[in-house]
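> The structure under discussion is supplied below as structure tokens; questions concerning it will follow.
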Amino acid sequence: MASRLFEVLFALRTGRSRLTLADLTRETGLPHATVRRLALELVEAGALDRSPDGGFTVGIRLWQLGTLAPLSVPLRTVALPFMDDLHAALRQHVQLAILEGTSAVLVERLSSGHAVDVASQPGGQLPLHSSGVGKVLLAHAAPDLTDQIIAAGLTPHTQHTTTEPTWLRAELAECRETGVAYVHGETSLGVDSVATRVLNAEGEVVAALSVVVSAGTVDLRTVRPAVIACGLAVSRSLGWRPSAGTRQAGPLARAAGPSSRSRSSD
């Protein structure tokens, strides 16, 4: 029963934040009568709201519960002042993402009216192999996640997407060394980004921060120092110090212990 309730809830997502009963039935693949009964139970519990025309949206009680998420909320609170400074200086998209399964999930973004159009919104997902924040998160995740992403196939979102596993592994290795990833039109044509890591007190990468620009309008190399400085400022506010270094997640890091940390001036 609980798993079916979750299926109904998770049918709602970015870009699909309001669904009819027919939509929920189609999205979940469950019988119409079952979906109707579960949706009404969720409405009664306050997890969903139902409008007079029959549409279902996230309920206020579920939203209140989401604000207690232990990583995204404190992270956003700490990061926003520094992101705001970076946004004020560059007047471009500045975004923050965390790793969730096999995707990068945007937890915050600051934008300007004249900035390049982007499809993703806070709460939305970005591919790990073709976005700046995604590459930073993938580079510092457990090594078997890279294997999983490659095994699933590196989807070519544009003609510039890295689809060769050897090239992707080389990019990730460089990102671990420098703490920075560049992307040129790999997820959306005409959209470039430079991203860096955000670390906690133990030196674990808990988020990635990026600036997104219209291709050809900004030399990403000139933006890089400001992006790195912003990432370091957020990291220090989370308790990170240079002596902690940078730790890669997963079995290899745990097996090697503290000596597996790599230190970088970035």
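83 is the number that my numbering gives to position 89 of the sequence shown; each next residue is one higher, with no gaps. Backbone N, C-alpha and C fix where the C-beta goes; we use that ideal spot for every residue, glycine too. Computed from a prediction, not measured in an experiment: that's the story for all the values here.
1) Relative to the C-alpha of residue 189, which candidate in 140, 53 and 199 has its C-alpha closest?
2) What is the rounded straight-line gap between the Cα of residue 177 and the Cα of residue 124?
3) For the stretch 110 to 172, which segments carrying the beta strand (DSSP E) assignment without a break, of at least 3 residues, lie completely within its bounds, in sequence order?
4) With DSSP as the reference, identify every bridge partner of residue 89, one or two as the case may be.
5) For residue 231, which residues from the same chain have a beta carbon less than 6 Å from its beta carbon, with the 5 sequence-adjacent residues on both sides left out?
6) Take the Cβ of residue 23 as the centre, count every other Cβ of all protein chains shown within 10 Å, and call the residue buried at 16 or more, exposed below.
7) Would you check if the distance between the CB atom of residue 100 and the CB atom of residue 121 is smaller than 8 Å?
8) Would you report the Cα separation of residue 203 and residue 210, rounded to the nearest angstrom?
9) Just the C-alpha distance for residue 95 and residue 28, rounded to the nearest angstrom, thanks.
10) What is the residue span of the beta strand (DSSP E) that residue 187 lies within?
11) Give the DSSP bridge partners of residue 97, in chain order.
12) If I'm right that residue 15 touches residue 33 with Cβ under 8 Å, what's the distance once you round it to whole angstroms?
13) Would you mind sorting residue 82 into buried or exposed? The rule is 16 or more other CB atoms within 10 Å of its CB.
14) In angstroms with no decimal places, state the Cα-to-Cα distance between residue 106 and residue 89.
15) Taking the alpha carbon of residue 234 as the point to measure from, which residue in 48, -4, 53 and 193 has its own alpha carbon closest?
16) Do residue 206 and residue 52 come within 8 Å of each other at the CB atom, strictly closer than that value?
17) Indicate whether residue 148 and residue 162 have their beta-carbon atoms separated by less than 8 Å.
18) Buried or exposed for residue 45, going by 16 or more other Cβ atoms inside 10 Å?
19) Going straight from the alpha carbon of residue 220 to that of residue 36, what length do you get?
To lay it out plainly:
1) Nearest in C-alpha terms to residue 189, of all of 140, 53 and 199, is 199.
2) Cα to Cα, the separation comes out at about 7 Å.
3) The stretch 110 to 172 contains these whole beta strand (DSSP E) runs: 119 to 121.
4) Secondary-structure assignment with DSSP links residue 89 through a beta bridge to 103 and 204.
5) Excluding positions up to five away in sequence, the list reads 72.
6) It is exposed - the Cβ of residue 23 has fewer than 16 other Cβ atoms within 10 Å.
7) It is not a contact, given that the beta carbons lie outside the stated cut-off.
8) Roughly 21 Å between the two C-alpha positions.
9) Taking the straight line joining both Cα atoms gives about 28 Å.
10) 185 to 193 is the extent of the beta strand (DSSP E) around residue 187.
11) Bridge partners of residue 97: 94 and 121.
12) Their Cβ separation, rounded to whole angstroms, is 6 Å, which keeps residue 15 and residue 33 in contact under 8 Å.
13) Residue 82 counts as exposed, since fewer than 16 other beta carbons sit within 10 angstroms of its beta carbon.
14) Spanning the alpha carbons of residue 106 and residue 89 requires a straight line of approximately 12 Å.
15) For residue 234, the nearest C-alpha among the options comes from 193.
16) In terms of Cβ geometry, residue 52 and residue 206 do not form a close pair [threshold 8 Å].
17) In contact: residue 148 and residue 162 (Cβ atoms closer than 8 Å).
18) Per the 10 Å Cβ criterion, exposed.
19) One C-alpha to the other measures close to 45 Å.
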